[in-house]
Amino acid sequence: MGVDGGTGRGRAAKGDRAPAPEVWGWSLTVTESVSRRVRRVVVKVGTGVVARPDGGLALGRMGALVEQIHALQADSLEVLLVSSGAVGLGARQLGFARRPEGVVDRQACAAAGQGALMAFYDGLFRRLGTRSAQVLLTESDFHFRARFNNLTATLERLLKLGAVPILNENDALSTAELAMAHGPERGGVFGDNDRLSALVASYLSADLLVLLTNVDGVYTRPPTEPGAQRIQHWTEQVDFVEGAASTLGRGGMGSKIDAARLAARRGVHTVIASGDTPNVLPRLVVGEPLGTTFAATSDPLSRRKAWLAFATAPAGSLHVNAGAHAALLTRGASLLAVGVESFDGAVAEGAVVRVVHDGTEFARGVLSHAPGSPPSDRRPLIHRDDLVLV
Numbered sequence: 035m036g037v038d039g040g041t042g043r044g045r046a047a048k049g050d051r052a053p054a055p056e057v058w059g060w061s062l063t064v065t066e067s068v069s070r071r072v073r074r075v076v077v078k079v080g081t082g083v084v085a086r087p088d089g090g091l092a093l094g095r096m097g098a099l100v101e102q103i104h105a106l107q108a109d110s111l112e113v114l115l116v117s118s119g120a121v122g123l124g125a126r127q128l129g130f131a132r133r134p135e136g137v138v139d140r141q142a143c144a145a146a147g148q149g150a151l152m153a154f155y156d157g158l159f160r161r162l163g164t165r166s167a168q169v170l171l172t173e174s175d176f177h178f179r180a181r182f183n184n185l186t187a188t189l190e191r192l193l194k195l196g197a198v199p200i201l202n203e204n205d206a207l208s209t210a211e212l213a214m215a216h217g218p219e220r221g222g223v224f225g226d227n228d229r230l231s232a233l234v235a236s237y238l239s240a241d242l243l244v245l246l247t248n249v250d251g252v253y254t255r256p257p258t259e260p261g262a263q264r265i266q267h268w269t270e271q272v273d274f275v276e277g278a279a280s281t282l283g284r285g286g287m288g289s290k291i292d293a294a295r296l297a298a299r300r301g302v303h304t305v306i307a308s309g310d311t312p313n314v315l316p317r318l319v320v321g322e323p324l325g326t327t328f329a330a331t332s333d334p335l336s337r338r339k340a341w342l343a344f345a346t347a348p349a350g351s352l353h354v355n356a357g358a359h360a361a362l363l364t365r366g367a368s369l370l371a372v373g374v375e376s377f378d379g380a381v382a383e384g385a386v387v388r389v390v391h392d393g394t395e396f397a398r399g400v401l402s403h404a405p406g407s408p409p410s411d412r413r414p415l416i417h418r419d420d421l422v423l424v
């Protein structure tokens, strides 16, 4: 494939038949792995990639990133870019020494920084003859089905027209996502661009999600600590200790892992890698073992159940007993009223609710009727087809 991001790796000829590394169970040549496996890629770049420590734009890294995306497009791949950095850039423009804590201050910084960030991206892409398009999102774009369908239709059309959609949270208007950064609970659809990129990759049926950060993958503990080791292939049994998020960014490594696991449940291979790695995108597309890989599940969630699990803001919670908990987990049963000990929130017919046991949400579903219905109503509260484990 054609690769020339100014990083000195040169081009691989179209007829190159060198074997590609088996990273995700692939056993194909370089050319075949591109043509058969990866056709659509979602790339998320964190603030630590697009910005310098002082908040200014990292021009070299951004230029290399745009060149790599252009190279992928030249090989007929579709690329969507999810970019952080607007709040950090705006903070610098407005005179903040570090990322502000107040929601209103963050909104002001987002408004100041988003235009400058997009203008820079657009200028770089135009120099290479590539079109870009800004798409700003809030959680309601995912929660409401009509808006969600419009969003996916718009993104699909942009890709067919050869544009690179550049997505970001609409932080200047939305308080939900910014406020979520202050609390331990994720009450909405997404709380950072890591999760946003996973949702986009999931619902647009991407083949690969790449989360670019300022470290070369997931480590067993913060990379600066003695004994830290990079995890090449993520499993649920790995020993992982999360460090702190950056001063300019919002999502730490835990956020990226959650996003990668989300995408994997929808059948999207995911890699967490360093934005400083030369030609990282073309190398990942052909299966080179960089960063930390999260293999897609062989039994992905359906589009509807993925929407229910990851793209809804629950109206309330049902607290169930041990018997109901076991039945839902092990037998794939429907939830009956007898298994509910208590409920809270706006739990009306048709509402999306959390299903909780011992204080932990383990499932999510759509109510077929309100919990307080007459005892003669023997319908399940949540039918198994409207319930998903989370």
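When we follow my numbering, the leftmost residue of the sequence shown carries the number 35, and every step to the right adds one.
For every residue, glycine included, the Cβ atom is placed at its ideal position computed from N, Cα and C.
Because the structure is a prediction, the values reported are computed rather than measured.
Alpha carbon of L245 to alpha carbon of G80, nearest angstrom:
Counted from its first residue, the sequence shown places residue 245 at position 211. Counted from its first residue, the sequence shown places residue 80 at position 46. So the two alpha carbons sit approximately 8 angstroms from each other.
Please state the DSSP three-state secondary structure of A413.
The sequence position of residue 413 within the sequence shown is 379, counting from 1. Contrary to the premise, residue 413 reads as Arg rather than Ala in this sequence. R413: coil per DSSP, three-state reduction.
Look at the alpha carbon of R220 and the alpha carbon of R295, and state the distance between them as a whole number of angstroms.
Position 186 of the sequence shown holds residue 220. Position 261 of the sequence shown holds residue 295. With a pLDDT of only 41 at R220, under 50, the local geometry of the prediction cannot be trusted, and no value is derived from it.
Reference G82, options V72, R74, Q102, M96, closest by Cα:
Mapped onto the sequence shown, residue 82 falls at position 48. The shortest Cα separation from G82 among V72, R74, Q102, M96 belongs to M96.
Distance, Cα to Cα, T186 vs Y237?
The residue given as residue 186 occupies position 152 in the sequence shown. The residue given as residue 237 occupies position 203 in the sequence shown. Answer to the nearest angstrom: the Cα atoms are 8 angstroms apart.
Give the DSSP bridge partners of P199, in chain order.
Position 165 of the sequence shown, counted from the start, is the residue given in the question as residue 199. DSSP lists A167 as partners of P199.
For Q266, count neighbouring C-beta atoms within 10 Å of its own C-beta (all shown protein chains included) and say buried if the count is 16 or more, exposed if not.
Reading the sequence shown from its first residue, position 232 is the one you call residue 266. Counting Cβ neighbours within 10 Å, Q266 comes out exposed, since fewer than 16 surround it.
Beta-carbon separation of G89 and L115 under 8 angstroms?
By one-based count along the sequence shown, residue 89 stands at place 55. By one-based count along the sequence shown, residue 115 stands at place 81. No, Cβ-Cβ distance for G89 and L115 is not below 8 angstroms.
In terms of DSSP beta bridges, what is T311 paired with?
Along the sequence shown, one-based indexing puts residue 311 at 277. None; T311 has no bridge partner.
At what residues does the alpha helix (DSSP H) containing T331 begin and finish?
Walking along the sequence shown from the start, residue 331 turns up at place 297. T331 -> no alpha helix (DSSP H), and no H or E assigned at all.
Can the beta-carbon of L370 be found closer than 8 angstroms to that of I103?
Counting from one through the sequence shown, the residue named residue 370 turns up at place 336. Counting from one through the sequence shown, the residue named residue 103 turns up at place 69. No. Outside cutoff.
Verify whether the separation of the beta carbon atoms of E395 and V422 is less than 8 angstroms.
Stepping through the sequence shown from its first residue, residue 395 is reached at position 361. Stepping through the sequence shown from its first residue, residue 422 is reached at position 388. Against a cut-off of 8 angstroms, the Cβ pair of V422 and E395 comes out as no contact.
DSSP state of R264 mapped onto helix, strand, coil
On the sequence shown, position 230 is the one that residue 264 refers to. Of the three classes helix, strand and coil, the one that applies to R264 here is strand, per DSSP.
How should T258 be labelled, buried or exposed, when 16 other C-beta atoms within 10 angstroms of its C-beta is the threshold for buried?
Taking the sequence shown and counting its residues from 1, the one referred to as residue 258 is at position 224. Flag for T258 reads exposed.
So what does D241 bridge to, in DSSP terms?
Sequence index remark: in the sequence shown, residue 241 carries index 207 (1-based). According to DSSP, D241 bridges with nothing at all.
Unbroken alpha helix (DSSP H) run spanning S174, endpoints:
In the sequence shown, the residue the question calls residue 174 occupies position 140. Residues 174 to 177.
Exposure label - P348; buried when at least 16 CB within 10 Å:
By 1-based counting over the sequence shown, the position of residue 348 is 314. Buried, by the Cβ-count rule.
Thinking C-beta only, is F176 closer than 8 angstroms to S166?
If you number the sequence shown from 1, residue 166 lands on position 132. If you number the sequence shown from 1, residue 176 lands on position 142. No. Outside cutoff.
So is G342 buried or exposed if we call it buried at 16+ other beta carbons inside 10 Å?
Numbered from 1 along the sequence shown, position 308 holds the residue referred to as residue 342. According to the sequence as given, residue 342 is Leu; it is not Gly. Buried, since its Cβ has 16 or more Cβ neighbours within 10 Å.
Skipping 5 residues on each side, what residues in its chain have a beta carbon closer than 7 angstroms to that of R413?
As a first step, residue 413 is located in the sequence shown; it is residue number 379 there, counting from the start. Closer than 7 angstroms at the Cβ level, and outside the excluded window around R413, lie S402, H403.
Residue from A330, T331, L335, P312 whose Cα sits closest to the Cα of L324
The count along the sequence shown starts at 1 and reaches residue 324 at position 290. Nearest C-alpha to L324: P312.
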